Each structure stands twice: as structure tokens, then as C-alpha cells.
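Input: a single structure, listed below in C-alpha cells.
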Amino acid sequence: MISVLGDIIGNLLLLTGALFLFSAGLGVLRMPDTYNRIQTGTKATTLGTILVLDGLAFLHPAWTFKLIILVFFVMLTNPVSSHALARAAHSIGTH
Amino acid sequence: MIKRIFIMMMLALMALIFVQLATNYTENTSLTRLGSYYAENGPREVGAPNLVTAVVVTYRGLDTLGEVTVLFISAAGVGLLLRRTRRKADDEDLETGDRAEETTGTHKAASEIVETATELLLPMVMLFGVYVFLNGHLSPGGGFQGGAIIASGTMFLLLALPESHISRLLVALTESLSGFSYVVIGVLGVIMAGGFLDNRIMGLGTYGDLFSAGAIPLIYTLVGLKVGFELSAVLDRFRKDDTGPV
Amino acid sequence: MSPIADIPLSLIVLCSGLGLVLIGLWGMLTQRNMIRMIIGFSLTDTGIHMVMVSIGYVTGGTAPIINAAVPMSEAVNRVVDPVPSALVLTAIVIGLGVTAVMLSFAVRIYKARKTLMIDECTESRW
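Chains as they are written, first to last, in this note's numbering: chain A, 169 to 263; chain B, 739 to 984; chain C, -3 to 122.
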């Protein structure tokens, strides 16, 4: 019973994460401006990746610790890289 | 126009050959004779669980020596082509454009966020690279992969903190010593055991341990260090404001 | 669903590898910017590596690592061929070395001519 509940929650989280990742791609395609594209891409992909990894942790409970470390890495590197990108875009002079 | 037609015709002919290749392709259902020999006798003779490592380092060790040589030659070529020539003040016609670009360049110092993240992440990237080449015989990985990870850590450092200096003397010294020791171990294999780069010069040890499979951890450590420092030196040459020694 | 499920996995990888080779060749032949030609070369390289790896695949095989998951006794029946993977390992490193030398050539030509289009560098052509 617990495993069925865990499976359902895990699959729901995976689906939500995939939805967010798809919306990130859609946003990067459709946003009018460089800075808009940067902020859409980063926020949605970070959340989507975290949700996908959480769903995976529910489906495979043995890997939970490693997946938490992965989530930590993603949260550490994604915002920093988008910050560096936006700063570089600003210093070149994109409006 | 004629050129375009010619190019399209050539690509169409190549596509025709590739289609012939793809339609007559049947997947293997069992290993080839060479593959089954390596799968049966590899773990026992070499003592390494990773069969690809056993093939690359011991069974085909001479190919790896050629690969290390090609990397060394290409790194030397890059070092020759991108040599610093800014010392003389009378090299005006070559350097005027560069000097103008330098003074009006858009080169800012890195922000504090990027610096902090670099200080946190760089040791982890280097540690991961060392882990990959130390465990080359137990899990997928090896010297070349670990060296590439170390070089990507260096590129991370160069991109995030552009004023950081890498001591070119230390890098060149480590790389040369590693390459030289690699060849020495290969020759020791000829003298003390079966052939070039034979890993039985050191004891085989327990199967699956970290320090097992004879000389493979040592060989892959040397290869990983050599490749990592070599690629870092190549990346260092591509920097825009070259202010180090030649 | 069944015609799609019957296509062997290595055939898909083989076809995408051959497709990448064709795309890279087209890029090398038609583009005038030097960096794009180098990118085309890198694409061709990657395509060839995919073709070589796909040839070593055995149906239903797994990675050639003999530990607790694949014991020594049944290794012959279950692993894929390790030799093409080893060859591709070497080939990737060599492709990297060649690309590094090509890029440094491009840097020097840009410093000497201020342009990256190869139409400006035709004085050796006869």
C-alpha cells in the first residue's frame, strides 16, 4: 500500500517536473527580450529539475541521499550561471 | 552556383552509401570471438572489473601510448601557434589592433556571487576528477575522462575569475614528468613482465579493491594528471589578455 | 506500436550517427565562417564515434563491467563488445587535439587579417 502511494506521488512529481521543463523551453522560444529569456529559462528549468529528481526519489527510495545531493548541486549552480550570463549580456550592452 | 550543385550531388552520393550501410545492418546477437576472449579471460588475467579499461591499458597499451603522444603534439602545436609575442615594442603592425582591443575591452572583474560559487564548487570538481581516474578500473571512467574533468574545472576557474594566474612552469613540469613516468612504466612492463604496459609488474591484489589490478591505478593516475594539466595549459593559451611568461 | 518497437536500438544510433556525419560534411562545405567549419568538423567526428559505438552492441547486452551485477561466469552472454568502446575512447581524445589546433589556427588568422571569412584568405589558391 505504501509503495503504491509512493509510486503515485513519484509519478505525479515527475509529470509536474516535465511540465515545468516544457514550459521553460516554450518560454525561451517565445519571450521577446534577452533578459526575459534568461530569467524564464533559469527559473523554470531549476524548478523542473528539482521536481523530477524528487519524483525519482519517491520511485527509488534507495537513491534518496544521492538525489538530495544532486538537488543541492543544481540549486547551487543554476542561479549562479544565469547571473553570470545576465551580467555578461549587460556588459556587452544588450538592451 | 555550380559549386552548390556539386556539393549537393556529393552529399547525395554519400547519403546513398550510408543508406546501403544502414539497410544491410543486422545487430549482433552474440559477442565476436575477440570480444568473448576479453570477456572470459579479462577479469582473471588483468584483475580489473572494467573491461574497457583492461582493453585500453593492457591489451591495447600501444594504442594508448600513441594517443598520449598525439595529445602531447597537439598541445605543443597550440603552444607554438599562440605564443606571446607582445614583448618587443617595435612590433607595431602586428599588435596595434590587439592593443586597441585590450584597452577598450569590456573586461570587468567577476562579481562576488560568481567568486563565492567558484570557491565552493572548484574543489568539488577537482575531487570528482581525481575520483574518476582513481576508480578507472572499477567503474566507467579512467585517466582520460578524469583529466578532461580536471581541465573543465580549470576552465571554470578561468571563466569565473579572469585575473587568476596559473603557474605555467608547474603545469609544464607536472605534465612532462607524468608522461615520462608513463613510458617508464611501459618499459618496466617489457623488462619485468609479459609486454609493453603489462600491469602484472605489481601484484594483482583482491578483485574489486581500490588498489588492485596491478599497475592500472598507477598508470591511470599518471595519464589523468598528464591529460588534465595538458588540457589546462591549452585552455590557458586561449586567454585574451596573456600576461604570463611565454 | 509494434513496428516502432521492433527497430533494434543500435540501428537508431547508427542512423543518427550517419546523419550527423552528413550534417557536419554539409557544414564544412557550405559555410564561409571559419568557426562554423570547425563546428562542422566536430559534428562529423561525433557522428563517426556514434557509428563505431553502435556496431559493438549485442542484443540485450549490458555494460562490460564485471562486478556483483554481472558475475564472471555469465559475462560472455551478457556484456557488449568492449573493443569498439576502447577505440572510441582514443578517437574522442584525438578529435579534441585536432580541434584545439584548428581553433588556434583560427585565432592566428583572425589576429593577422581581422576577419574570419575564408573568402578573404584566398591568396594561396591557384
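Yeah, the Cβ is synthetic: ideal placement off N, Cα and C, and Gly gets one too.
Quick caveat, the model's predicted, so the values are computed rather than measured.
Taking all protein chains shown into account, do 16 or more other C-beta atoms lie within 10 angstroms of the C-beta of residue 170/A, making it buried, or fewer, making it exposed?
-> exposed
Whole-angstrom C-beta distance between residue 806/B and residue 964/B, which should lie under 8 Å = For residue 964/B against residue 806/B, the beta-carbon gap comes to about 7 Å, under 8 Å, which counts as contact.
Quick one: list the residues of chain B neighbouring residue 113/C, beta-carbon separation under 8 Å, in chain order.
-> The contacting residues do not exist; residue 113/C stays about 16 Å from chain B at best.
Counting only the same chain and skipping the five closest in sequence on each side, list residues whose C-beta sits under 7 Å from that of residue 14/C.
-> 43, 47
Using the C-alpha atoms, what's the distance from residue 240/A back to residue 856/B?
-> Taking the straight line joining both Cα atoms gives about 15 Å.
Apart from the five residues just before and just after residue 870/B, which ones in its own chain have a Cβ nearer than 7 Å to its Cβ?
-> 879, 883, 884, 887
Select from 874/B, 785/B, 752/B, 744/B the residue whose C-alpha is nearest the C-alpha of residue 18/C.
-> 752/B
Using a Cβ-Cβ distance under 8 Å, would residue 254/A count as near chain B?
-> Chain B places no beta carbon closer than 8 Å to that of residue 254/A, leaving this residue out of the contacts.
Give a yes or no on whether the minimum CB-CB distance between residue 117/C and chain B is below 8 Å.
-> No, residue 117/C lies away from the interface with chain B (no Cβ there is under 8 Å from its Cβ).
Taking 8 Å as the CB-CB limit, is residue 900/B close to chain C?
-> no
Residue 913/B: buried (16+ other C-beta within 10 angstroms of its C-beta) or exposed?
-> Buried, by the Cβ-count rule.
Which residues in the same chain as residue 941/B place their Cβ atom closer than 8 Å to its Cβ, once the five residues preceding and following it in sequence are excluded?
-> 952
Take residue 88/C and list the residues in its own chain whose beta-carbon comes closer than 7 Å to its own, dropping the five residues that flank it on each side.
-> Cβ within range, chain order: 45.
Return no unless some Cβ of chain A is closer than 8 Å to the Cβ of residue 841/B.
-> Low per-residue confidence applies at residue 841/B: pLDDT is 41, beneath 50, and the placement is therefore not dependable enough to give any value.
Which whole-angstrom value describes the C-beta separation of residue 75/C and residue 58/C, a residue pair presumed to lie in contact below a C-beta threshold of 8 Å?
-> 6 Å
Would you mind stating whether residue 6/C and residue 765/B have Cβ atoms separated by less than 8 Å?
-> yes
Could you check the C-alpha separation between residue 33/C and residue 180/A for me, to the nearest Å?
-> 45 Å
Got a sec? Which residues, its chain only, sit under 7 Å from residue 117/C by beta carbon, not counting five neighbours each side?
-> 105, 109
Validate contact between the stretch 90 to 101 of chain C and the stretch 64 to 79 of chain C using beta carbons, cut 8 Å, 3 pairs | no
Out of 783/B, 896/B, 960/B, which has the shortest C-alpha to C-alpha gap to residue 721/B?
-> No information on residue 721/B is available, as it lies outside the stretch 739 to 984 that chain B covers here.
Buried or exposed: residue 779/B, going by 16 or more other Cβ atoms within 10 Å of its Cβ?
-> exposed
Proximity winner among 25/C, 50/C, 101/C, relative to residue 759/B (alpha-carbon distances) = 50/C
Do residue 786/B and residue 954/B have their CB atoms nearer than 8 Å?
-> yes
With burial defined as no fewer than 16 other Cβ atoms inside 10 Å of the residue's Cβ, what is the status of residue 844/B: buried or exposed?
-> The pLDDT assigned to residue 844/B is 49, lower than 50, so where the model puts this residue is not dependable, and the model offers no usable value.
Taking 7 Å as the cut-off, is the CB of residue 251/A close to at least one heavy atom of the ligand ADP?
-> Although the ligand ADP was asked about, the structure shown includes no ligands whatsoever.
Sort 253/A, 220/A, 201/A, 176/A by Cα distance to residue 185/A and report the nearest one.
-> Of the residues 253/A, 220/A, 201/A, 176/A, the one whose Cα lies closest to the Cα of residue 185/A is 220/A.
Give me the Cβ distance between residue 789/B and residue 62/C, rounded to the nearest whole Å; I'm assuming they're in contact under 8 Å.
-> 7 Å
Using alpha carbons as the reference points, say which of 847/B, 811/B, 852/B, 957/B lies closest to residue 874/B.
-> 957/B
What residues match up with residue 54/C in a beta bridge as DSSP calls it?
-> 766/B
With DSSP run on the structure shown, which of helix, strand or coil describes residue 73/C?
-> helix
My understanding is that residue 976/B touches residue 909/B, with C-beta atoms under 8 Å, so please give their C-beta distance in whole angstroms.
-> Wrong, their Cβ atoms sit about 14 Å apart, outside the cutoff.
Secondary structure, alpha helix (DSSP H): runs of 4+ residues fully inside the stretch 925 to 978 of chain B | 954 to 975
Report all residues from its chain with a CB closer than 7 Å to the CB of residue 889/B; omit the five preceding and five following residues, and keep chain order.
-> 966, 969, 970, 973
Considering only residues of the same chain and omitting the five flanking positions on each side of residue 224/A, which have a CB-CB separation below 8 Å?
-> 178, 182, 231, 235
Within this structure, are the beta carbons of residue 52/C and residue 39/C separated by less than 8 Å?
-> no
Three-state class that DSSP yields for residue 113/C in the structure shown | strand
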